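Novice: If you use UniProt numbering, the sequence shown closes out at 367, no skipped numbers anywhere.
Backbone N, C-alpha and C define an ideal beta-carbon position, used for all residues, glycine too.
The structure displayed is predicted, hence computed values, not measured ones.
If you scroll down you'll find the structure; I have some questions about it.
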Amino acid sequence: MVTETFPWEQIGESHRRRYMLDYSFEELAALFRDWGYKDAHAKTVFSGLHRKCYRSADEFRPGLLPKTLIARMKSPEAPPFEVFRSIQAFPSGDGSVKYLYELQEGGRIESVYMPFENRTTFCISSQMGCALGCTFCATGAMGFRKHLTPGEILGQVLHMRRSHPDPPGQTYRTNVVFMGMGEPLHNLNNVMHAFDSLTDPHGLVLSQRDVSVSTSGLVPKIQQLAGFDRRPQLMVSIAATSDEARSNIMPVNRAYPLARLLATLERYPLRKNERIMLSYVLIAGVNDSRDDADRLIAMGRRFPSMINLIPLNEHESSPDLNEPEEARLQWFFNYLNEHGAFATIRRSRGRDVAAACGQLSNQQLAV
Ligand code: SF4
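Rendered as structure tokens:
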């Protein structure tokens with residue numbers, strides 16, 4: 001029997017030097033105890049890093065920490081603060097901003113800041129490139145480069161918070177979505193470490209529901225995620241309603257076909273009022289027929305769900321895939337809602353700077 005091996009099965013964890021942002025609060029407290037300092041000092045430093053978004057030991061107000069601790073944190077053997085070597089901003093005409101980060105360890109990743117009324121969304125990357133190879137996605141065309149570490153994941157959020165503070169006297173709700181470069185569940189350990197820091201009471205204190213991960217359907221990893229008591233919201237990219245069509249545009253479907261994926265989602269333990277978000281990239285002539293709509297509605301009925309329609313954002317790596325006409329998108333959207341589904345349309349932000357869903361690839365803005 002010939003067993004197909006998929007690229008994401010051959011990639012292990014990446015190991016390298018740890019940065020300050022790679023430490024959970026408990027790990028930082030243990031490090032400080034080793035150095036002879038108190039947990040209270042770790043609380044001050046963790047909150048400075050994660051709430052105030054400090055990027056060096058010099059930013060702590062004089063008197064807040066012992067001078068000897070500041071000196072220790074600046075010494076060459078201490079974990080470095082800055083995970084990025086350089087950062088470039090590419091503002092879009094619609095108010096969103098795409099950021100391109102050069103990692104200290106080499107390579108580039110991207111994230112997108114999206115402002116809404118009283119709410120801010122940060123779309124972040126979990127990997128450099130991606131091994132899953134969905135044909136409608138520019139990141140997939142890059143291939144896999146590396147798993148991002150917890151610090152490299154958190155660094156994106158904290159840089160954007162620092163660059164876009166809430167207006168004085170107001171607190172905007174912050175959403176973090178793992179929908180940038182990479183398949184977050186392929187890098188589950190580091191993503192969950194970053195999630196724990198984002199929701200840590202000493203840090204940003206985001207709620208579990210303010211953080212979402214979007215997966216292409218890695219069934220064993222969805223099952224693993226289900227086992228965590230505290231976990232982000234689950235979003236699943238469906239993109240086609242038959243195995244044949246889905247395998248054509250999402251190779252992951254050959255390993256985990258729709259029947260297995262949907263059966264896993266039926267068993268996924270949801271919290272009160274929680275729904276699984278099904279993302280559906282609408283592609284002209286590929287997945288926008290009435291039969292597709294009927295099958296998608298039937299899928300959505302199998303568990304509490306919400307369907308998010310995303311009109312394809314065209315990119316050079318897939319010249320054969322086209323965005324649907326607006327009239328077709330509206331017809332598909334209305335048909336779903338008129339037949340009992342709970343559907344929305346997500347208009348991508350930042351298309352003019354290649355920051356929209358499926359467009360992140362480091363290519364258009366190479367420096
Ligand atoms: S859609 Fe997501 S899983 Fe698929 S190739 Fe792009 S980044 Fe990877």
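Which residue from 198, 191, 203 and 121 puts its Cα closest to that of residue 166?
Specialist: 121
Novice: Would you mind working out which of 71, 194, 262 and 105 sits nearest residue 223, comparing C-alpha positions?
Specialist: When 71, 194, 262 and 105 are compared, the shortest CA-CA separation from residue 223 is found for 262.
Novice: In the region 109–178, which residue ranges form an unbroken beta strand (DSSP E) of at least 3 residues, counting only runs that do not cross its ends?
Specialist: Within the region 109–178, the complete beta strand (DSSP E) runs of at least 3 residues are 119–123, 127–129, 144–147 and 173–178.
Novice: Determine which residues share a DSSP beta bridge with residue 308 and list them.
Specialist: 279 and 344
Novice: What does the Cβ neighbour count give for residue 22, buried or exposed, with the cut at 16 atoms within 10 Å?
Specialist: Within 10 angstroms of the beta-carbon of residue 22 lie 16 or more other beta-carbons, which makes it buried.
Novice: Could you tell me whether any non-hydrogen atom of the ligand SF4 is closer than 8 Å to the CB of residue 137?
Specialist: yes
Novice: Classify residue 150 as buried or exposed, calling it buried when 16 or more other Cβ atoms lie within 10 Å of its own Cβ.
Specialist: Classification of residue 150: buried, given that the 10 Å Cβ count is 16 or more.
Novice: I'd like the span of the alpha helix (DSSP H) that includes residue 87, first residue to last.
Specialist: Run containing residue 87: none in the alpha helix (DSSP H); it sits in the beta strand (DSSP E), 84–91.
Novice: By a C-beta neighbour count over all protein chains shown, 10 Å radius and 16 as the cutoff for buried, is residue 68 buried or exposed?
Specialist: So residue 68 counts as exposed.
Novice: Under the DSSP definition of a beta bridge, which residues are partnered with residue 250?
Specialist: According to DSSP, residue 250 bridges with nothing at all.
Novice: Under 9 Å between the Cβ atoms of residue 317 and residue 141?
Specialist: yes
Novice: Just reading off the alpha helix (DSSP H) that residue 235 is part of, what are its end residues?
Specialist: From DSSP, residue 235 is part of no alpha helix (DSSP H) but of the beta strand (DSSP E) over 233–237.
Novice: According to DSSP, is residue 98 helix, strand or coil?
Specialist: Note: residue 98 maps to strand in three-state DSSP.
Novice: Closest to residue 236 by C-alpha separation, out of 273, 33 and 281, would be which residue?
Specialist: 281
Novice: Using the Cβ count rule (16 or more neighbours within 10 Å means buried), how would you classify residue 116?
Specialist: Flag for residue 116 reads exposed.
Novice: Starting from residue 424 and walking both ways along the beta strand (DSSP E), at which residues does that stretch end?
Specialist: Because residue 424 is not part of the residues shown, which for the chain are 1 to 367, the question remains open.
Novice: Kindly indicate the opening and closing residues of the alpha helix (DSSP H) around residue 330.
Specialist: 326–338
Novice: Does DSSP put residue 185 in a helix, in a strand, or in coil?
Specialist: helix
Novice: With a CB to CB cut of under 7 Å and the five nearest residues on each side skipped, what residues in its chain are close to residue 232?
Specialist: 195, 208, 211, 212 and 213
Novice: Got a sec: does the ligand SF4 put a non-hydrogen atom nearer than 8 Å to the Cβ of residue 132?
Specialist: yes
Novice: Quick check: the Cα distance between residue 90 and residue 98, rounded to an integer number of angstroms?
Specialist: 5 Å
Novice: Check whether the Cβ atoms of residue 179 and residue 228 lie closer than 9 Å to each other.
Specialist: no
Novice: With hydrogens ignored, establish whether the beta-carbon of residue 107 is closer than 8 Å to any heavy atom of the ligand SF4.
Specialist: Because no heavy atom of the ligand SF4 lies under 8 Å away, the Cβ of residue 107 does not count as near it: no.
Novice: Locate the alpha helix (DSSP H) running through residue 27, then write down its first and last residues.
Specialist: Taken as a continuous stretch (DSSP letters only), the alpha helix (DSSP H) holding residue 27 covers 25–35.
Novice: For residue 103, which of helix, strand or coil comes out of DSSP?
Specialist: strand
Novice: Which stretch, first to last residue, makes up the alpha helix (DSSP H) that contains residue 257?
Specialist: It is not in any alpha helix (DSSP H) - residue 257 carries neither H nor E in the DSSP assignment.
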